[in-house]
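Chains as they are written, first to last, in this note's numbering: chain V, 2 to 310; chain D, 2 to 310. Glycine included, every Cβ here is placed at the ideal spot set by N, Cα and C. As the structure is a computational prediction, the values presented were derived from the model and not from experiment.
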């Protein structure tokens with residue numbers, strides 16, 4: 002194998018109640034990446050489309066991850082990477098995670114898969130560390146495992162793959178405003194009162210139960226976040242209106258995708274998910290804010306090869 | 002039906018990470034209760050064995066619950082209750098919940114089952130309110146639903162029944178010391194830092210996943226409590242030694258049962274659960290503290306009729 006095309010999905014982290022613990026992958030929104038082996042012994046990035054990201058491999062998360070894996074495995078080859086982004090970085094939809102985890106997946110293929118999925122998460126975390134200043138595992142785990150994931154523990158890293166009901170769809174709106182992860186982190190409370198914490202973990206338990214039992218109503222009523230959403234929603238224009246519109250259109254629940262500014266809603270079935278898209282559109286269309294809308298099935302598969310040459 | 006014998010199980014609430022949110026029922030440890038319909042129109046309690054509890058129906062949790070249900074349903078009959086306790090109140094094993102929920106179950110039978118299980122939980126909560134000063138739902142829900150339960154929400158009350166792996170056993174040690182629920186509540190932190198909270202709900206997610214997936218190892222590694230155990234364990238003589246001995250004997254995990262003083266451990270299979278019992282015994286046998294030991298399967302069924310006359 003000398004050349005590998007992959008699809009590396011966008012992801013939604015937190016999923017309301019599962020703040021800093023849960024995430025899921027999308028089926029039909031994500032980056033295309035093309036990896037080509039060469040004799041140079043070096044990592045290069047020849048093409049980046051759709052985003053203004055650095056081509057210097059030491060400053061690009063895909064480059065950082067690829068180099069770390071080539072070093073760790075003492076590989077005798079180099080790799081050139083092309084990245085075609087279909088959604089913008091800074092969306093809260095795991096753009097850096099798609100690149101990081103995509104690189105981890107592809108380089109592992111070139112190496113004939115010596116690394117476990119959990120080990121790939123650890124390499125991909127190096128990309129997240131470079132991008133966000135913290136080795137966040139939720140988005141990259143969703144990319145690599147597919148479907149829903151739970152980061153049960155960071156020390157030691159323990160990623161749990163949660164079953165995904167087949168008819169679960171996500172609608173996303175990305176207001177094209179700037180909101181840094183750092184800024185979104187700074188508003189978080191340092192501590193929360195015990196009663197709030199109990200209600201949050203009760204909802205996490207409900208969401209996980211709903212996913213296993215394919216109980217869509219339970220998934221929906223568990224999608225409550227008393228921790229991040231109350232303080233972060235003020236960064237997102239018309240957040241309350243978007244959420245209300247999604248629920249009125251039949252969504253199971255809605256919340257902030259990762260640290261924002263994108264807002265996501267889960268629905269049972271694509272018909273409802275499309276109605277939610279129209280509802281989101283209805284809220285934003287006259288507001289003078291640029292935005293993008295997406296509908297996707299929750300992606301069971303995660304990152305995947307789309308062509309081997 | 003004029004006379005009903007029931008078995009109302011002991012329960013373990015919290016289950017380490019699931020503080021104030023989770024509980025499970027035991028299969029072979031609990032109260033026997035005998036209910037007899039009569040023409041008096043009143044609730045009486047004629048027999049209490051095995052515990053020094055009030056026979057005044059207004060001061061006994063079973064009496065409080067029975068009266069509330071007879072009033073609510075405008076019943077034209079009275080009920081006499083006999084309670085035979087096989088384990089002591091104040092154990093942290095849901096003694097008041099067994100009586101409260103047992104009464105709710107039995108009176109509903111006499112009334113030809115007009116109330117849903119969730120409505121029975123609400124009646125049983127009145128008993129918990131009388132016993133503990135708060136309408137705690139976890140133990141009574143485990144009695145009424147059986148197996149594992151999650152209280153996803155109190156307002157509105159939302160109880161989720163979680164599947165129980167068939168080979169899941171519990172070992173309990175009850176140090177016969179006095180520890181009030183109020184005293185155990187007062188040491189709890191008012192708030193917890195966000196990172197601790199995240200790790201707690203990650204473990205709740207892991208425990209629920211482990212129960213659904215019958216992944217015993219995941220059940221075990223999720224049984225971590227950073228909230229109540231660190232402050233409550235000081236009430237329980239040799240808690241750390243008990244926990245270490247249980248784990249060394251092969252238990253999946255161990256923690257405080259409810260608000261204590263009983264300590265529980267979960268194991269895969271009865272052989273390991275018996276070894277954990279010996280391990281608990283080994284820690285306590287020379288310490289000059291009275292104690293009782295129990296082994297039971299986790300009880301899928303909860304409260305049940307044992308004889309209709």
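Does residue i get closer than 7 Å to chain V when you measure Cβ to Cβ?
i	result
residue 126 of chain D	no
residue 213 of chain D	yes
residue 161 of chain D	yes
Per DSSP, which residues does residue i bridge with? Please list them.
i	result
residue 70 of chain D	None; residue 70 of chain D has no bridge partner.
residue 169 of chain D	D:269
residue 8 of chain V	V:33 and V:305
residue 38 of chain V	V:80
residue 159 of chain V	V:154
residue 149 of chain D	D:25 and D:163
residue 118 of chain V	Paired residue(s): none; residue 118 of chain V is not in a bridge.
residue 131 of chain V	Partner(s): none; residue 131 of chain V has no beta bridge.
residue 50 of chain V	V:85
residue 63 of chain V	According to DSSP, residue 63 of chain V bridges with nothing at all.
residue 44 of chain V	V:80
residue 13 of chain D	D:25
Residue i CB to nearest chain D CB: under 7 Å?
i	result
residue 151 of chain V	yes
residue 206 of chain V	yes
residue 199 of chain V	yes
residue 209 of chain V	yes
Check whether the Cβ of residue i sits closer than 6 Å to any heavy atom of the ligand NAP, and report yes or no.
i	result
residue 215 of chain D	Here there are no bound small molecules, and the ligand NAP is not part of this structure.
Determine, using beta-carbon pairs with one atom in the segment 3-16 of chain V and one in the segment 42-54 of chain V, whether at least three such pairs fall under 8 Å.
Counting Cβ pairs under 8 Å, fewer than three are found: no touch.
When the Cβ atoms of the segment 262-277 of chain V are set against those of the segment 130-140 of chain V, are three or more pairs found closer than 8 Å?
no
Under 8 Å, with one C-beta from each stretch per pair, do the segment 264-283 of chain D and the segment 139-150 of chain D reach the 3-pair mark?
no
Taking a Cβ distance cut-off of 9 Å, strictly less, list which residues of the segment 258-270 of chain D are near chain V, in chain order.
none
Just list the alpha helix (DSSP H) runs in the segment 233-308 of chain V, keeping only unbroken ones of 4 residues or longer that don't cross its boundaries, in chain order.
Listed in chain order, they are 240-249 and 271-285.
Between the segment 62-77 of chain V and the segment 22-31 of chain D, do at least 3 Cβ pairs fall closer than 8 Å?
no
Selection of the segment 12-46 of chain D by Cβ proximity to chain V, strictly under 9 Å
18, 19, 20, 21, 22 and 23
Using a beta-carbon distance cut-off of less than 8 Å, what residues from the segment 170-202 of chain V approach chain D?
Hits within the stretch, in order: 189, 190, 191, 192, 193, 194, 195, 198, 199, 200, 201 and 202.
Just by C-beta distance, which residues in the segment 219-235 of chain D are closer than 8 Å to chain V?
If the cut-off is 8 Å between Cβ atoms, the segment 219-235 of chain D has 219, 222, 223 and 228 near chain V.
Using 8 Å as the Cβ pair cut-off and three pairs as the minimum, do the segment 201-208 of chain D and the segment 195-206 of chain V touch?
Remark: three or more beta-carbon pairs, one from each stretch, lie closer than 8 Å, so the segment 201-208 of chain D and the segment 195-206 of chain V are flagged as touching.
Tell me whether the segment 239-251 of chain D and the segment 209-219 of chain D touch, counting them as touching only if at least three CB pairs, one residue from each stretch, are closer than 8 Å.
No: fewer than three Cβ pairs fall under 8 Å.
Runs of 4 residues minimum, wholly inside the segment 83-112 of chain D: which ones carry the alpha helix (DSSP H) assignment?
Correct list: 96-111.
For the segment 132-147 of chain D, which residues have a CB atom closer than 9 Å to at least one CB atom of chain V, in sequence order?
none
Beta carbons nearer than 9 Å to chain D: which residues of the segment 69-83 of chain V have them?
none
Contained alpha helix (DSSP H) runs [length at least 4] in the segment 173-230 of chain D, N- to C-terminal order:
182-187, 195-214 and 217-223
So does the segment 17-24 of chain D actually touch the segment 51-58 of chain D, counting three or more Cβ pairs closer than 8 Å?
no
When the Cβ atoms of the segment 286-301 of chain D are set against those of the segment 179-194 of chain D, are three or more pairs found closer than 8 Å?
no
Three CB pairs or more closer than 8 Å across the segment 32-40 of chain D and the segment 72-92 of chain D:
yes
So, does the segment 148-164 of chain D touch the segment 214-230 of chain V, judging by three or more C-beta pairs under 8 Å?
yes
Three-pair Cβ contact test at 8 Å for the segment 119-126 of chain V versus the segment 99-107 of chain V
yes
Could you list the residues in the segment 96-117 of chain D with a C-beta less than 8 Å from some C-beta on chain V, going in chain order?
Taking 8 Å as the Cβ-Cβ cut-off against chain V, none of the residues of the segment 96-117 of chain D qualify.
Residues of the segment 288-299 of chain D whose Cβ lies closer than 9 Å to any Cβ of chain V, in chain order
none
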